[in-house]
Structures are given as C-alpha cells and as structure tokens.
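Below is one structure, written out as structure tokens, with a few remarks after it.
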Amino acid sequence: GDVPITMAKRKADDAAEHVPITMAKRTAGAGAGDIKDANNPIRLTRKNLALLNSLNGDNNSDDDRNNSGYPESENDSDTMNKLSTTTSGFEARAYENGILDSTTSKAPQDLDAIRLHLARRRSSTQPSEHAHQQYYHNVSDSFNEATASVFVQVDVMKRHNDLNYNQMNNRAITQIPEEGFNQGLSNPIPDLLEGLKTKRLPSRIHDHALHKDCSLALCHFAVEFKRTDGNLYQAGHQAAYDGATMVYARNQALVQAKVDAASVQGLGAVVDKAAKETAVITCATDGKVAEVFAHHFQDGEYHQNLVARESLLDYPNRGRELIRNAQDYARNKSYEL
Numbered sequence: 001g002d003v004p005i006t007m008a009k010r011k012a013d014d015a016a017e018h019v020p021i022t023m024a025k026r027t028a029g030a031g032a033g034d035i036k037d038a039n040n041p042i043r044l045t046r047k048n049l050a051l052l053n054s055l056n057g058d059n060n061s062d063d064d065r066n067n068s069g070y071p072e073s074e075n076d077s078d079t080m081n082k083l084s085t086t087t088s089g090f091e092a093r094a095y096e097n098g099i100l101d102s103t104t105s106k107a108p109q110d111l112d113a114i115r116l117h118l119a120r121r122r123s124s125t126q127p128s129e130h131a132h133q134q135y136y137h138n139v140s141d142s143f144n145e146a147t148a149s150v151f152v153q154v155d156v157m158k159r160h161n162d163l164n165y166n167q168m169n170n171r172a173i174t175q176i177p178e179e180g181f182n183q184g185l186s187n188p189i190p191d192l193l194e195g196l197k198t199k200r201l202p203s204r205i206h207d208h209a210l211h212k213d214c215s216l217a218l219c220h221f222a223v224e225f226k227r228t229d230g231n232l233y234q235a236g237h238q239a240a241y242d243g244a245t246m247v248y249a250r251n252q253a254l255v256q257a258k259v260d261a262a263s264v265q266g267l268g269a270v271v272d273k274a275a276k277e278t279a280v281i282t283c284a285t286d287g288k289v290a291e292v293f294a295h296h297f298q299d300g301e302y303h304q305n306l307v308a309r310e311s312l313l314d315y316p317n318r319g320r321e322l323i324r325n326a327q328d329y330a331r332n333k334s335y336e337l
C-alpha cells in the first residue's frame, strides 16, 4: 500500500535556511489559473488573488486573468503554433512574457543565504580519486546529451531513497493553463524534474499535479542537460522557463494554502513565511560544469539568479556538493509546501 507522507524531522545535513524574500505583486502575464480543493472549486477571483498579494501588503492585483483551466491531455492541440525552447525566437518571446534570464534579473533578498547554504560541506563520504578519474574519462568521451546526462545522474546527483519523492526525465509539464508567462510557448520539458508523487499526497492537493497521469506535484528542482562542451547558454534559458513554471505552480499552492489558513489556527503565519522564501532551484550542466540558479517572482516578472558555478572535473567534490545541496534544499521546500 501507499506510504503516507509525514513531516519528519530534518537531519542536520538536510536542514534548509529560511531567509525572507519579498514576493511582489503579480501583474499582467502572471495569472494564477484555477485552484480546487477536494470538494469545492476555488476560483482565483479578485478576492482570492488578493489573499496572495496581501502576503506582502500589496492590494493591487491584475483582474484580467486567463481562467482557461487545465489541459485535458498531454497533447496540446496548439503545439505547432508555439515556440519550443530550442526554436529560434524562444528567448525573445520568453523575455516578452516576463521570464528574465540571469543577466537581467533582480536578486531576491535571500540570495546570499542560499549561496551559503548550497556551499555547505556535506558529511557523506566523497568518491575516491579513482572514481573521479573514471567520471572524467566517461564525461570527456560523451558525444551527446543523453550520454552525459546518464553519468551526471549516476555519479554526481543524489538518489533520494524516498518513496514519496521521485524524479522524472524528459516529460512535458502539461497541467499549467496558458497564462502570460507561457503564452506562445510550448510546454516546458525539463530533462529532469524532482517532486512529490501526486498519488501519495492528500486528495485536496491533486489539482497541483504537473502531469495528467503518474504525476509529480509541488516540484522545486529541475535540471537541463547538454552534451559535453554543449550549449550551456541555451540550457540556462531552458532552466529559466522551467523555473518560472515551478514558481507559478508554487504560487498557486500558496493561494490555496492562504484560503485554507482562514480555518486553521496558526497556518496563516506559516503561509506568510513560505511566501517570502526563494524556493525553486534549477541546474544547467554539460557534465563538465554545473550552473545552479534560484528562481522567484517579483514585480510581475519571473527572475533567475545564478547561485554558483562549479567545475565537475577540476573541483569534483565541490561540484557534487553544490548539486546535492541544491537537491536537498528543493526537496525540503516541497515537503514544507
């Protein structure tokens, strides 16, 4: 049978710092779609949107929302008319939609704290010198993205050993309605996505699934892979879109949590705290270099900030710790949400 999710105590190595971040108002192009609980649909009306804005004391909300609801299928009928992340013009359209890359984004208030947290030394045993040499030769000989991604996932990334938390590879995120940030863009397809298994979550949260079937929900971590010496610049822009999508989904969940908080004593303060945190993390890597980004929503735009860039070959332990710390940080945010 399914194992229920419990909020277990966090171990010292997995602890995440919580430093406030301002969640500024949503403006045009950042609608929140529809949210439902187990019994009654919660429409993102002006009143409900004001609940999210009020977390920052912002009473100005965008009234013109696209409440188109969630797609019924993973096959988007308009896909042929939309730009994929590898199509010429994607970067310009994403920018027009309010998805900023790391060169144009504003930094969140807790960026320095996140950098310190992801730079922590880990207590786990580091790979041997022989293992590093083997990884070096394997990655150096990787001639395509699929090969490089396998070595990174097996030799660098953490396997969570968690029945409630899982990874998915190369699957489109389809259960997000068309809003300003994704208008004219095809569904994001992260090379790797981590999150909680929807079927193990309470039924009231199932509407936050990112896929139609066998889905993940409340995701806070994604990776974009490239072949060795591949186009990390493109991977960074793909990660910006992944990050914006996860931030959008997180904000939807916070809206529902704010509604629920009205009937649960003490929940309001918890929601307010979560809304001020930068929680979504992405990584772009070609097996040689790893770039880790933090994502947040501010002033009607989705921002991407470089947290750290490490070599997985010259300083393999530091690069390995960076990615694993990022995974743990995001996993903790999923459970907290």
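Mapping to full-length UniProt numbering: the sequence shown position 278 is 278, numbers consecutive.
All C-beta atoms in this analysis are idealised placements derived from N, C-alpha and C, irrespective of residue type, glycine included.
These numbers were taken from a predicted model, which means no experiment stands behind them.
Status (buried if at least 16 other CB within 10 Å, exposed otherwise) for residue i
i: Glu129; result: exposed
i: His208; result: buried
i: Asn325; result: buried
i: Gly319; result: buried
i: Arg65; result: Low local confidence applies: a pLDDT of 31 at Arg65 is under 50, so the model's placement there is unreliable, and no value is given.
i: Glu96; result: exposed
i: Ser73; result: Low per-residue confidence applies at Ser73: pLDDT is 41, beneath 50, and the placement is therefore not dependable, though the value from the model is reported in the following sentence. Exposed is the call here.
i: Thr245; result: buried
i: Val255; result: buried
i: Val264; result: exposed
i: Phe143; result: exposed
i: Leu163; result: exposed
i: Ala262; result: exposed
Three-state secondary structure assigned by DSSP to residue i
i: Ile114; result: helix
i: Val292; result: strand
i: Arg309; result: strand
i: Ile323; result: helix
i: Ile205; result: helix
i: Asn251; result: helix
i: Met246; result: helix
i: Ala262; result: coil
i: His237; result: helix
i: His220; result: strand
i: Glu194; result: strand
i: Leu100; result: coil
i: Thr147; result: helix
i: Leu185; result: strand
i: Tyr302; result: strand
i: residue 350; result: The question about residue 350 has no answer, for the chain in this structure spans 1 to 337.
i: Ala275; result: helix
Proximity winner among the options, relative to residue i (alpha-carbon distances)
i: Lys197; options: Val307, Ser215, Pro316; result: Ser215
i: Ala146; options: Gln265, Gln256, Leu267, Lys226; result: Lys226
i: Pro108; options: Ser311, Asp299, Leu218; result: Asp299
i: Thr103; options: Ala240, Thr86, Leu267; result: Ala240
i: Asp110; options: Asp314, Ile323, Asp328, Ala274; result: Ala274
i: Ala113; options: Thr278, Asn231, Thr228; result: Thr278
i: Cys219; options: Thr86, Asp213, Lys333, Gly89; result: Lys333
i: Glu194; options: Asn161, Leu254, Val255, Tyr136; result: Asn161
i: Asp314; options: Gln133, Asp328, Arg204; result: Gln133
Check whether residue i and residue j have beta carbons under 8 angstroms apart
i: Ala284; j: Leu118; result: no
i: Ala290; j: Leu306; result: no
i: residue 339; j: Phe181; result: Residue 339 lies beyond the stretch modelled for the chain, which goes from 1 to 337, so this question has no answer here.
i: Ile99; j: Tyr302; result: yes
i: Arg93; j: Glu321; result: no
i: Ala257; j: Val247; result: no
i: Asn317; j: Gln126; result: yes
i: His211; j: Ile176; result: no
i: Gln304; j: Gly243; result: yes
i: Ser124; j: Ser186; result: no
i: Ala131; j: Thr228; result: no
i: Gly236; j: Asp101; result: yes
i: Phe151; j: Tyr135; result: yes
i: Ala253; j: Leu116; result: no
Would you check if the region 157-172 and the region 183-198 touch, i.e. whether three or more CB-CB distances between them fall below 8 angstroms?
-> With the cut-off at 8 angstroms, the region 183-198 and the region 157-172 touch.
Review point. Using 8 angstroms as the Cβ pair cut-off and three pairs as the minimum, do the region 271-288 and the region 145-159 touch?
Key: Below 8 angstroms, enough C-beta pairs join the region 271-288 and the region 145-159 to call them touching: three or more.
The region 294-302 / the region 267-282 touching (three or more Cβ pairs under 8 angstroms): yes
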